[in-house]
Amino acid sequence: MISLKPSDNQRALVDAIDGFVRAEMPVERLRSATPASDFAFWRRLGEFGVFALTLAEEQGGVGCGIAEELLVYHALGRKLVSPAAIASSMAARLALGAGQADLAKAFASGRTTVGFAIPADPTSDVAAGVDARLIECADTDWAVLWGSTGISLARCERFSGQHEAACIDGTIHLVRARFAGGEPPVGNEEPYRPTLLVAAMLCGAAEAAMEMNVEYMKVREQFGQPLGAFQSVKHRCADMAKRNAAAWSQTCFAALMLQADAPDAAFQMRAAKILAAKAGVENAEAAIQNFGAIGFTAEHSIHHFLKRAHVLDMLGGSVGWQQRRFMGEPHPLAAA
Amino acid sequence: MELIPTPAEAAFRDEVRTWLAENKPREARPFDGQTAAAFDKEWQRIQYEAGWAGIAWPRDYGGRGLSVIEQLIWHEEYARADAPYVGVCFPGLNLAGPTLIACGTAEQQEEHLPAILKGEKIWCQGFSEPGAGSDLASLRCAAVIDGDDLVINGSKIWTSHGQYADWQVLLVRTSNDGPKQAGITFVIVDMWTPGIEVRPIRSMVAPDHYPFCEVFYTDARVPLANVVGRIDDGWRVAGATLGFERGTAFIADQIHYSKVVEELIEEARRRPDPVNGGRMIDNGEIFAQLATLRAELAAMRAMTYWTISHSGSGDPGPASSLTKLFFAEALKRIRKLAMDVLGIDRLELSAEDGWTWQYLRSFPATIAAGASDIQRNIIAERLLGMPKAGRK
């Protein structure tokens, strides 16, 4: 039996977190946001268990599966919550897996923040000497190293030649640096789960961009009728809905396959990341076209969706890199 | 959102796989129309006798009474086994059958549903008219009540398999009062009724390709007992049919196309690229398109699970337009990409199931069963609540 419909229990869990994010973290907050300023919400998100969803209850976690976590990150994606949320959640798991319970607790509670380090070359891991980008590592001691074959945890001080750069997304902290290596990183996990969480955030952002656009197209009038009555406009919106449906169905399906440890888990995960990244970028692009000039202003929020989609595309491997890996995965229909 | 593997489902899958491996036809499905129709009916009869027809249909009508999940497992295994295309049995199994289960009288169900499952009767669909295509509700094929009969005059067009069909689901105009949707009646018609003439229409694909027909009705008398739903209530009944057509009816096709993408990837790995050197797969643009299509077909399966999770085996409503639109566009891009992969060989219309033939055959995907433009209108207006265009 397989169901892609959230159960009542799953809905209840998500609604609690979603209610907080909707009330306290409207996307309009980003208008005056500075890099990594979402960390101001980290302790509150930690209280809701956002960073400890899949940790066991006896370890201070919520004891959920990846399905519940996916729904939560979809809700966070809708409000463009910093992807550092995924770093916190991963860091807590990695620290716990390495037997560092206190450190895990610090990450899970949101008291200690953590960002990402990704290699400039997506085919490599974050090894000594590698050119890397630190994302949301502002005033953080730790970074989740996210390479092509695995994720682990290291101190930010292990990166040399740090040079802060202006990020395409002005609300995200970006630093160029080189990994110096040194003491072995903490923990090791396959990158499947966080990649699906990125896909979930992309799906949430793609959906919110569509809704924001659709609502405006219903009320903005030109030529004596709402813009949304024009076929060229509404068809762009229909295409957004189509991309959302495909990307989110696939992301949910991939999560269940991963949870079940199915042989095609990697195949499904990569398909999900490809479609979610395309939906995130293409929905924001289409929405800006529909909005017209107001969509090109700093005042309107839609540009944040476009920029965030590009940041999320780089996490866990861009579309191009995922396509390369995906084509090497056996097809589930042939694998039997 | 959960996955609970059940031993019953696993056992069912094993059973299906074993049976298909032992019983699927050894010979390929013929191309010639009449021969293919006979092949399709015989293969359907074999499936029925082994208990594989109508897996999710009620037992009372000769079905297996299982859930739509078992039906999906059947389709997945069917595609995996490369079993033959359903062919002329499609409209009966996927359009007429589900509509009669949902809206038919006990007599209609008893007479027709077992015959559909056994492959005894072929069905076709009479919806579109020369003057009513995308604007289906403006149809004019007229029926007047005369005693216990409806007397039908007018014509229908783009009727797939019309030349092989024994029965038809037909939309007729029974009233011109009120909104155009309100005067339509859904009726089932014996194609051998006097006054019905069928003329096959040749397609652009090839000289011998007649996939659809025009059907003419001259004082054709059909018993009132053949009305499905009530007089003037046909738009609602047709809505269910169209929902099936756009929703889960194409599951088998969708799964089949994920295999077509795999075949195209193999083709691109095999064929040299005379322009850029290397193989076709090494061309970055072709590689990226293949990868995207592969991901999209994977998502097609996930979208099917999504639909089933939210509406079971019932009418999925306007959300079905999402899958219809998504699949139709992917299908056409697969066929077009194949032309790039083929290089000079694209010029040869050799085999009837070859890539070139299929490229030409792919154009109706975004036209039939509601053009993609109509699907986008449905998505925007009925799912997203956007305003309708100003109509004069």
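The listed protein sequences derive, respectively, from chains A and B.
When you read off a place in the first sequence, starting at 1, and then add 1365, the result is the number in the numbering used here.
When you read off a place in the second sequence, starting at 1, and then add 3, the result is the number in the numbering used here.
Cβ coordinates follow ideal geometry from the N, Cα and C atoms, glycine included.
A quick note: this is a predicted structure, and the numbers were derived from the prediction, not measured.
| Check | Outcome |
| --- | --- |
| Within chain B, partners of Leu1621 (chain A) - CB distance below 8 Å | Met4, Glu5, Leu6 |
| Any chain A beta carbon closer than 9 Å to Thr326 (chain B) | yes |
| Unbroken alpha helix (DSSP H) run spanning Gln292 (chain B), endpoints | 287-314 |
| Ser353 (chain B) versus B:Ser261, B:His115, B:Phe34, residue with shortest Cα-Cα distance | B:Phe34 |
| Contacting positions in the stretch 302-313 of chain B - beta carbon closer than 7 Å to chain A | Ala302, Ala305, Met306, Tyr308, Trp309, Ser312, His313 |
| One or two residues paired with Leu217 (chain B) in a DSSP bridge | Looking at the sequence shown, residue 217 (chain B) is not Leu but Glu. Beta-bridge pairing links Glu217 (chain B) to B:Arg202. |
| DSSP three-state assignment for Cys1568 (chain A), whether helix, strand or coil | helix |
| Straight-line gap, Ser1454 (chain A) to Phe1416 (chain A) (C-alpha atoms, nearest Å) | 4 Å |
| Pro1697 (chain A) in three-state terms, based on DSSP | coil |
| Closer than 9 Å to chain A by CB, Lys27 (chain B) | no |
| Residues, ordered as in the chain, of the stretch 1568-1589 of chain A that lie near chain B by beta-carbon distance below 7 Å | Val1579, Met1582, Lys1583 |
| Contact set between Cys1532 (chain A) and chain B, taken where Cβ atoms lie within less than 9 Å | Those do not exist, as Cys1532 (chain A) stays about 26 Å from chain B at its closest Cβ, beyond 9 Å. |
| Coil, strand or helix - His1439 (chain A) by DSSP | helix |
| Limits of the unbroken beta strand (DSSP E) element including Leu1518 (chain A) | 1516-1520 |
| Own chain, CB closer than 6 Å to Ala1401 (chain A), minus 5 neighbours either side, in chain order | Glu1501, Ala1503, His1538 |
| Alpha-carbon to alpha-carbon, Gly1657 (chain A) and Arg29 (chain B) | 59 Å |
| Host beta strand (DSSP E) of Arg1498 (chain A) (start-end) | 1496-1500 |
| Cα-Cα separation, Glu217 (chain B) to Trp22 (chain B) | 39 Å |
| Counted within 10 angstroms of its Cβ, other Cβ atoms place Glu132 (chain B) as buried (16 or more) or exposed | buried |
| Rounded straight-line distance, which links the Cα of Phe219 (chain B) to that of Ile199 (chain B) | 6 Å |
| Neighbour-count burial assignment, His1669 (chain A), 16 or more Cβ in a 10 Å radius | buried |
| Extent of the continuous alpha helix (DSSP H) to which Gly36 (chain B) belongs | 36-52 |
| Closest residue to Glu114 (chain B) among B:Asp63, B:Ala302, B:Gln74, B:Ser206 (Cα-Cα distance) | B:Asp63 |
| Min CB distance Thr369 (chain B) to chain C below 9 Å | Included in the structure are the protein chains A and B, with no chain C among them. |
| First through last residue of the alpha helix (DSSP H) which encompasses Phe1632 (chain A) | 1630-1656 |
| Under the three-state DSSP convention, the category Gly65 (chain B) falls into | coil |
| Partner residues on chain A for Leu387 (chain B), Cβ-Cβ distance less than 7 Å | Val1579, Cys1602, Ala1606 |
| Residues near Ala1612 (chain A) by beta carbon distance below 6 Å, same chain, minus five either side | Cys1568, Leu1640, Ala1641, Ala1644 |
| Inter-residue Cα distance where the pair is Gly1428 (chain A) and Pro367 (chain B) | 50 Å |
| Among A:Lys1583, A:Gly1475, A:Asp1373, A:Ala1432, the one whose alpha carbon lies nearest that of Leu6 (chain B) | A:Ala1432 |
| Gly107 (chain B) - DSSP class collapsed to helix/strand/coil | coil |
| CA nearest to the CA of Gly90 (chain B), picked from B:Val192, B:Trp46, B:Leu103 | B:Trp46 |
| Coarse secondary structure for Lys395 (chain B), derived from DSSP in three states | Its pLDDT being 39, under 50, Lys395 (chain B) is placed unreliably in this model, and the value from its coordinates should be taken loosely. In this structure, Lys395 (chain B) counts as coil in the three-state DSSP scheme. |
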